[in-house]
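Report on the following structure.
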Amino acid sequence: MVGEFDFIARHFRPLAGEGAMELRNDGATMSLPEGEELVLSSDTMVEGLHFLPDDPARTVAQKLLRCNLSDLAAMGSSPRHYMLNVSVPVGRHYDEAWFAEFAAGLAEDQERFGITLLGGDTTGSPSPLMLNVTILGAVRRGETLRRDGGRPGDGVWVTGTLGRAALGLQVRLGKIDASPDGILVQSYRIPSPRVGLSLYGIVSAAMDISDGLVQDCGHIAEESGTAITLFEEALPLSAEVKAYLPDWRETILLGGDDYELLLTCPVEQEEALQTHCRAHAVPVTKIGKVTEGQGVTMLDKNHEPIRFTRTGWQHF
Ligand SMILES: [Mg+2]
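For the sequence shown, the residue numbers in full-length UniProt numbering are 1 to 316.
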């Protein structure tokens with residue numbers, strides 16, 4: 001990229017925080033309070049795969065940060081800083097104006113979530129626009145949430161509602177006729193990561209839903225060495241999602257891009273879970289149970305297993 005240093009100075013230096021040394025050195029520093037440990041997570045978004053070339057730069061920036069923030073939320077960690085890597089395709093519409101808007105989106109969410117930029121890299125690229133964030137958070141030593149703690153008898157819980165983002169993508173792809181500025185597309189473009197909850201000691205396993213409810217339940221089931229049964233009737237679907245249920249059932253049930261937390265919780269902690277979530281104004285719903293065995297089954301309202309033609313988002 002021509003004038004890489006100017007480019008970084010203009011767009012990214014204003015985002016740099018403590019330890020970044022104004023992005024003027026080869027690296028950055030970060031310190032943690034006594035008794036805390038670092039939690040790191042990384043997420044890449046590729047134009048055409050994770051966002052569309054005509055998505056607003058501001059929401060692309062916010063989705064990039066929020067996917068990463070959601071991973072930290074799933075680990076029970078509070079976010080501190082992030083590293084940003086940008087590969088810009090040559091000769092495309094990703095110009096000064098686009099990156100000014102992109103940086104404004106980052107700045108807005110830095111403020112909202114209390115994080116700052118620590119460093120990163122920019123390059124030109126023959127490929128589509130590629131954006132990568134590595135996020136750094138802190139947690140009290142040994143108190144990360146994990147995927148492997150689900151036990152038979154635990155309930156399966158989910159925050160928020162499901163299916164909006166998956167339908168929003170279909171709107172963006174022109175397969176569903178709905179408002180391009182409506183709640184479905186908004187949910188696809190700007191997830192609401194559940195940072196700020198303190199669920200250590202309450203839930204037995206946690207992860208965030210990025211690839212779809214059933215597939216992601218499969219990860220908890222596998223890591224925990226258990227099976228999971230979900231109840232279609234129990235899923236938290238908002239009215240605008242329910243309206244599409246007759247035609248788009250599989251899209252809604254298999255979902256993707258929700259960035260809600262998927263939790264398993266021992267029965268004796270259910271009240272604590274609900275009380276904690278209520279105190280943070282986060283809806284939480286019991287949608288299934290952990291059992292002996294393996295795999296994920298979703299039962300319909302007649303308690304018959306639903307047969308899906310796929311499992312969820314496939315990365316490869
Ligand atoms: Mg994740």
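Note that the Cβ used here is the ideal one computed from N, Cα and C, for glycine as well.
Burial state of glycine 288 (16 or more Cβ within 10 Å): Counted from its first residue, the sequence shown places residue 288 at position 288. That one is buried.
Alanine 74: CB within 8 angstroms of a non-hydrogen atom of ligand 1: For the purposes of this step, residue 74 is taken as the residue at position 74 of the sequence shown. Checking every heavy atom of ligand 1 against the Cβ of alanine 74, one is found closer than 8 angstroms.
Under the three-state reduction of DSSP, which class applies to methionine 1: helix, strand or coil? Sequence index remark: in the sequence shown, residue 1 carries index 1 (1-based). Legend: pLDDT at methionine 1 = 47, less than 50; position of this residue unreliable, value from coordinates given subsequently. Of the three classes helix, strand and coil, the one that applies to methionine 1 here is coil, per DSSP.
Can you give me the C-alpha to C-alpha distance between tyrosine 188 and alanine 166, rounded to a whole angstrom? Numbered from 1 along the sequence shown, position 188 holds the residue referred to as residue 188. Numbered from 1 along the sequence shown, position 166 holds the residue referred to as residue 166. Whole-angstrom Cα-Cα distance: 7 angstroms.
For leucine 23, which of Thr116, Glu37 and Gly35 has the nearest alpha-carbon? Working through the sequence shown from its first residue, we reach residue 23 at position 23. When only C-alpha atoms are compared, the closest one is Thr116.
To the nearest angstrom, report how far apart glycine 17 and histidine 81 are at their CA atoms. Walking along the sequence shown from the start, residue 17 turns up at place 17. Walking along the sequence shown from the start, residue 81 turns up at place 81. So the two alpha carbons sit approximately 8 angstroms from each other.
In whole angstroms, what separates the C-alpha of aspartate 300 from that of glutamine 215? Here residue 300 corresponds to residue number 300 of the sequence shown, with the count starting at 1. Here residue 215 corresponds to residue number 215 of the sequence shown, with the count starting at 1. Going by the C-alpha atoms only, they are around 17 angstroms apart.
Tell me whether glutamate 268 is buried or exposed, calling it buried when 16 or more other Cβ atoms sit within 10 Å of its Cβ. Indexing the sequence shown from 1 puts residue 268 at position 268. Classification for glutamate 268: exposed.
Please state whether the Cβ-Cβ distance between asparagine 227 and glutamate 270 is less than 9 angstroms. Here residue 227 refers to the residue found at position 227 of the sequence shown. Here residue 270 refers to the residue found at position 270 of the sequence shown. Residue identity check: residue 227 is alanine in the sequence provided, not asparagine. Cβ distance not < 9 angstroms, so alanine 227 and glutamate 270 don't count as in contact.
Burial state of glutamine 110 (16 or more Cβ within 10 Å): The count along the sequence shown starts at 1 and reaches residue 110 at position 110. The residue is buried, with at least 16 neighbouring Cβ atoms inside 10 Å.
Starting from the N-terminal side, write out each stretch of the beta strand (DSSP E) that is 3 residues or longer and does not extend beyond the stretch 126 to 205. 130 to 140 and 155 to 159
Counting along the chain, where does the beta strand (DSSP E) carrying phenylalanine 231 start and finish? What you label residue 231 is simply residue 231 of the sequence shown in a count that begins at 1. Taken as a continuous stretch (DSSP letters only), the beta strand (DSSP E) holding phenylalanine 231 covers 227 to 231.
Within the stretch 236 to 291, note down every full beta strand (DSSP E) run reaching 3 residues or more, in order along the chain. 261 to 265 and 284 to 291
Just to confirm, does lysine 192 get its C-beta within under 8 angstroms of one of the non-hydrogen atoms of ligand 1? By one-based count along the sequence shown, residue 192 stands at place 192. First, the amino acid is wrong: residue 192 is serine here, not lysine. For ligand 1, not one heavy atom lies less than 8 angstroms from the Cβ of serine 192.
Valine 133 vs cysteine 67 beta-carbon contact at 9 angstroms: Counted from its first residue, the sequence shown places residue 133 at position 133. Counted from its first residue, the sequence shown places residue 67 at position 67. Closer than 9 angstroms, so yes.
Compare the C-beta of serine 238 against all C-beta atoms of chain B and say whether one is closer than 9 angstroms. No chain B appears in the structure shown, which is made up of a single protein chain.
Looking at valine 282: is its Cβ nearer than 9 angstroms to the Cβ of leucine 213? By 1-based counting over the sequence shown, the position of residue 282 is 282. By 1-based counting over the sequence shown, the position of residue 213 is 213. Going by C-beta atoms, valine 282 is not nearer than 9 angstroms to leucine 213.
Could you have a look at asparagine 302 and say whether DSSP puts it in helix, strand or coil? Position 302 of the sequence shown, counting from 1, holds the residue named residue 302. If DSSP states are grouped into helix, strand and coil, asparagine 302 belongs with coil.
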